[in-house]
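Below: one structure, written as structure tokens.
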Amino acid sequence: MLGSECYAQFNQGMGMGRGMGRNGMGRQRSAIPRAQHAPEPPAPKTSEEIVEEQMPSITEALALNDFEAAVMSSILKKYVQERIEAQILKLPPEKMSETFQNISDRQDEELKMSLPPEKYQGFLDLKKDGVNKTIKKNKKKKKKRKKEKS
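Numbering (our numbering), first residue to last: 751 to 900.
Here you go:
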């Protein structure tokens with residue numbers, strides 16, 4: 751008699767305790783853990799990472815030898831770091847553009863002194879046109895030279 755009252759009152763069968771549902775399995779838990787906090791955004795890249803990522807395409811576009819590539823890489827790392835530091839300062843827009851122009855001018859001057867004239871001119875073209883366009887131009891020039899030699 752006590753068993754039927756318990757079942758009627760709590761809608762549970764005999765011997766199934768309060769914490770268990772009708773199927774006797776207890777509270778179901780998800781196998782997927784719940785995130786306590788939002789995932790952190792990826793850390794910003796360092797100047798070394800940025801330059802190392804771009805150097806293979808720059809080397810190909812300008813046909814740099816190992817020495818020229820090393821010189822260009824060190825110069826670019828130095829000035830990319832300066833640009834990152836300027837961004838961290840969060841200067842007003844006018845001051846920021848002036849600072850970036852100053853950095854760019856100093857970088858170009860140092861590259862001009864460090865690279866052969868044709869490589870430096872290639873770098874200026876690369877800045878103006880972009881890497882992919884410069885690589886395409888170089889391939890066209892090579893094809894023309896091969897046709898002229900034949």
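Every residue, glycine too, gets a C-beta built ideally from N, C-alpha and C.
Of the residues the options, the one placed nearest residue i, counting alpha carbons only
i: A820; options: V801, L841, K877; result: V801
i: A836; options: E848, I825, L826; result: E848
i: D875; options: S797, E790, I808, T796; result: I808
i: P866; options: P794, K877, L812; result: L812
i: S823; options: D855, P794, E799; result: E799
i: E868; options: P792, I834, E803, L814; result: L814
i: R833; options: D816, Q851, E844, P842; result: Q851
i: D855; options: P843, D816, K877, I838; result: K877
i: E818; options: D879, G880, G872; result: G872
Neighbourhood of residue i by C-beta distance below 7 Å, restricted to the same chain and skipping five residues each side
i: K862; result: Y870
i: G771; result: Legend: pLDDT at G771 = 49, less than 50; position of this residue unreliable, value from coordinates given subsequently. Taken in chain order, the list of residues that qualify is empty.
i: M846; result: A836
Local conformation of residue i per DSSP, three classes
i: P842; result: coil
i: L865; result: coil
i: A813; result: coil
i: P806; result: helix
i: G872; result: helix
i: E790; result: coil
i: T796; result: coil
Cβ shell of residue i (< 8 Å), same chain only, five flanking positions each side left out
i: I825; result: Q857, E860, L861, S864
i: I853; result: Y829, E832, R833, A836
Check whether residue i and residue j have beta carbons under 8 Å apart
i: K827; j: S797; result: yes
Cβ shell of residue i (< 6 Å), same chain only, five flanking positions each side left out
i: Q831; result: S797
i: M805; result: S823
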